[in-house]
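The number in the numbering used here is simply the position in the sequence shown, starting from 1, with 219 added.
Each residue gets a CB set at the ideal place from its N, CA and C atoms; glycine is no exception.
Contents: one structure, followed by commentary.
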Amino acid sequence: MTKYKWLQFRIYLSLAITTLLFLSVYVVLFYLGYQWWGKGRIKPGIVFVIIGLIPLIYAIFKSGKERGKIDKSSPLYKTMKDIAKEFNMKVPSKFYILPTTEIFVSGVFKKKAGVGVAALRAITKDELKAILRHEFGHFYGNDTVIGSFLARVQYSLEASSKFGKIALRAAPHAIIALIGLIIMVFAKTYSLIFRIIISIYSRQVEYRADYIAATRSGKEVFGKALLNYSAYITYFEQVGYSTVIHLLQEGKAMINIYDSVYNAYGKLDKKEIKKILFENDKGGLFSSHPKLRKRLRAIGLDPAAIELKNKIDKSAVSLLKDQKKLEKDFTTTITQMFHIKILHADAVARQGRCKHCGKQFQTLGELLKHESNCKKAS
Ligand SMILES: [Zn+2]
Ligand SMILES: [Zn+2]
Numbered sequence: 220m221t222k223y224k225w226l227q228f229r230i231y232l233s234l235a236i237t238t239l240l241f242l243s244v245y246v247v248l249f250y251l252g253y254q255w256w257g258k259g260r261i262k263p264g265i266v267f268v269i270i271g272l273i274p275l276i277y278a279i280f281k282s283g284k285e286r287g288k289i290d291k292s293s294p295l296y297k298t299m300k301d302i303a304k305e306f307n308m309k310v311p312s313k314f315y316i317l318p319t320t321e322i323f324v325s326g327v328f329k330k331k332a333g334v335g336v337a338a339l340r341a342i343t344k345d346e347l348k349a350i351l352r353h354e355f356g357h358f359y360g361n362d363t364v365i366g367s368f369l370a371r372v373q374y375s376l377e378a379s380s381k382f383g384k385i386a387l388r389a390a391p392h393a394i395i396a397l398i399g400l401i402i403m404v405f406a407k408t409y410s411l412i413f414r415i416i417i418s419i420y421s422r423q424v425e426y427r428a429d430y431i432a433a434t435r436s437g438k439e440v441f442g443k444a445l446l447n448y449s450a451y452i453t454y455f456e457q458v459g460y461s462t463v464i465h466l467l468q469e470g471k472a473m474i475n476i477y478d479s480v481y482n483a484y485g486k487l488d489k490k491e492i493k494k495i496l497f498e499n500d501k502g503g504l505f506s507s508h509p510k511l512r513k514r515l516r517a518i519g520l521d522p523a524a525i526e527l528k529n530k531i532d533k534s535a536v537s538l539l540k541d542q543k544k545l546e547k548d549f550t551t552t553i554t555q556m557f558h559i560k561i562l563h564a565d566a567v568a569r570q571g572r573c574k575h576c577g578k579q580f581q582t583l584g585e586l587l588k589h590e591s592n593c594k595k596a597s
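Right, here's the structure in full:
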C-alpha cells in the first residue's frame, strides 16, 4: 500500500466508526421509544427519533459568526489565489484577515479561509505558502465538509445534554425530572465518546493535509514552516496575551503587540524555544492535531535535526497591505477582547453585583451600564 492510500484508509476507517456511532444514537432512541416508553409500539419509537433529530437540525442550520476583515486587494489574498490555482480550485469565497494566530479553512458549500496576522513575522513567504497548501489539502479531502457536520453533531449532543440538565433542575414533576436526567446522561455519554472519535478522525485528516503540503512544497520547507509557526504561536499566545492582560490591569495598553512580541522572541535562545515547544507538545485524547514531533516524523523528517529560526529577514508580513495601520488596529481589537474578558471575570467574582451599591444584574452589559451611572450618582 502506498503511503497516501494508507492515510486514506485510516481516514475512512475512523469515519466509518463515527458514522456507526452516529447512527447508533438513533437506534438507541428508537429502542427507548419502542420498548421502554411504547411497550412494543412502533410509533413512540419514531417519535423518540424525531425528538432526537430536533437538536441536530437546529445545529445544522445555526450559522457561524462572521469575523475578521475581508480584503481582496491585499497581496495576502493574491498568494491565496495562487495556491488555489495550483490545486485547480476556486478561491474561497470568504477570506478573513484576523488579529490572532490561527490559519484555517472551513465551509461546506461556500469555502472560507482565514489567516491570522500574528504569526506572519515568524515565517517566510514560502513557509506561509506551505501552510496554505496544508489548508488547501483540507479542501482537497473535503475535510471541511465532513468536519463541519461532525462538529454540528457534537454541538447538538451538548445542547441536548444542557436541555436535559435544565429539565432536571426546573422540573415540577418527578417524571419530568427523570426524563431530563435520562436525556442528560444519554447525551453526555455520547458526546464524550463522540469527541474522542472525532478527534481521532481529525488527527488522521491532519496527516493527510501534511502529506499533501510536504509533497507540493518540499518536506524541508513544510517542516520548517510547521516548526517556526508552532513555536511562535505558542509564545505569542502565552507571553503576548499575558502581557496585554498585565498592562490592562495597570490601566495601560500596547500600541503594536505584533512588534513587541516578535522583538522579545528574537532575543530568546533558539535551542531553548525548541526545547520548551517539544516539552509542552503533549497531544492527547481530545486534541484535534497530532503531536508536532509525530507530524514531522510522518513526513520523513527528524524533529531534532530541523533548525528553528526566531529571526526571519523576509517574512510573510510583507504580504499585508498597510501593515503598520492594520497591526495597530488589530492590537486595539485584541486589547478590547481581553478588556471585556477581565471585566467579565471581575463581574463574575462579584456575582454580578454593582461595586457601588451592590445591586445584582444578569448580564455584563446591564451591570456596566448601571455601574457607570451609579458612580456618577454617588
Ligand atoms: Zn490542518
Ligand atoms: Zn449601583
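Looking at the DSSP output, residue 414 shares a beta bridge with no other residue. According to the DSSP secondary-structure assignment, residue 335 is paired through a beta bridge with 317. With a cut-off of 7 Å, the C-beta of residue 578 is classified as near ligand 2, since at least one heavy atom of the ligand falls inside that distance. For residue 358, the enclosing alpha helix (DSSP H) stretches over residues 344 to 359. With 16 or more neighbouring CB atoms inside 10 Å of its own CB, residue 271 falls in the buried class.
Note: residue 579 is bridge-paired with 572 in the DSSP secondary-structure output.
Annotation: residue 227 to residue 427 spans about 8 Å, alpha carbon to alpha carbon. The alpha carbon of residue 486 has as its nearest neighbour, out of 531, 498, 519, 472, the alpha carbon of 531. Counting only residues of its own chain and dropping the five nearest sequence neighbours on each side, residue 425 has a CB closer than 8 Å to the CB of 507, 508, 509, 514.
For ligand 2, no non-hydrogen atom lies closer than 7 Å to the CB of residue 526.
Here the alpha carbons of residue 406 and residue 373 stand approximately 10 Å from one another. Distance from the CA of residue 525 to the CA of residue 442, rounded to the nearest whole angstrom, comes to 8 Å. For residue 325, the enclosing beta strand (DSSP E) begins and ends at 322 to 325. Between the alpha carbons of residue 324 and residue 379 lies a distance of about 28 Å. Taking one beta carbon from each stretch, the region 427 to 437 and the region 336 to 354 have 3 or more pairs nearer than 8 Å; the two touch. Not one heavy atom of ligand 1 falls within 7 Å of the beta-carbon of residue 321. For the options 414, 330, 456, the alpha carbon positioned closest to that of residue 320 is the one of 456. Cβ neighbours of residue 402 within its own chain (closer than 8 Å, five residues either side excluded): 379, 380, 382, 383, 386. Straight-line measurement puts the Cα of residue 235 at about 47 Å from the Cα of residue 483.
Residue side-chain check: residue 428 places its Cβ nearer than 7 Å to a non-hydrogen atom of ligand 1.
Per the Cβ contact rule, the region 355 to 370 is not in contact with the region 334 to 344 (fewer than 3 Cβ pairs under 8 Å). The straight-line gap separating the alpha-carbon atoms of residue 317 and residue 553 is approximately 10 Å.
Between the alpha carbons of residue 573 and residue 585 lies a gap of roughly 10 Å.
Distance from the C-beta of residue 425 to the nearest heavy atom of ligand 1 is below 7 Å. Under the three-state reduction of DSSP output, residue 421 falls in the helix class. Inclusion of residue 315 and residue 326 in the CB contact set at 8 Å is not warranted, their separation being larger than that value. Two segments are said to touch when three or more pairs of C-beta atoms, one from each, lie closer than 8 Å; by this definition the region 489 to 498 touches the region 447 to 461.
Residue 587 and residue 563 have their C-alpha atoms some 10 Å from each other.
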